[in-house]
Amino acid sequence: MPAPANSMPQQMVYVPMPAAPNQQQPAQTSALHVPLPQFDHNMLNTLQDATSRRQVIGNAVYPAINSVLGESYASKITGMVIDENAVDLVRLMQDQAYFNKNVSDAYTLLGG
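Under this note's numbering, the letters of the sequence shown match residues 38 to 149, in that order.
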């Protein structure tokens, strides 16, 4: 018995839907590069308190961040990247990739 005329197999068609306006797109890998400043790591070892370490590192990284991102971001990003609760300060001053990642993450959080 032949199949009825209206029972033809239907094809599935995929139509991509645009993202909702308030839905965030996946993060793009940033090409942001802030040169790691020259730093005397021996001096860091002589500092006993966390406040002094943050001050010395902040003074070292601020000019580099400012030169790439400008004054409107430099102070805030410097403060964010020298937060010992979120960042390994020794690694921050020794590892270019780690430094760039932390600066890029802070810049992104600030809407840059």
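Using N, Cα and C, we set each Cβ at its ideal position, and we do this for glycine too. Only a predicted model underlies this, so the values are computations on that prediction, with no experimental measurement involved.
Residue interval of the alpha helix (DSSP H) (run including residue i)
i      : result
Gln133 : 133-146
Pro34  : Residue numbering for the chain in the displayed model covers 38 to 149; residue 34 lies beyond these limits and cannot be assessed.
Ile119 : Counting along the chain, Ile119 falls outside any alpha helix (DSSP H), and DSSP gives it neither H nor E.
Gly95  : 87-106
Helix, strand or coil at residue i [DSSP, three-state]
i      : result
Leu84  : coil
Gly149 : coil
Asn59  : Note on Asn59: pLDDT 42, under 50, position unreliable in the model; the coordinate value appears next. Of the three classes helix, strand and coil, the one that applies to Asn59 here is coil, per DSSP.
Nearest-angstrom Cβ-Cβ length linking residue i and residue j, presumed shorter than 8 angstroms
i     : j      : result
Ile94 : Leu126 : 6 angstroms
Pro74 : Val98  : 6 angstroms
Val71 : Val124 : Contact flag wrong, Cβ pair sits at about 14 angstroms.
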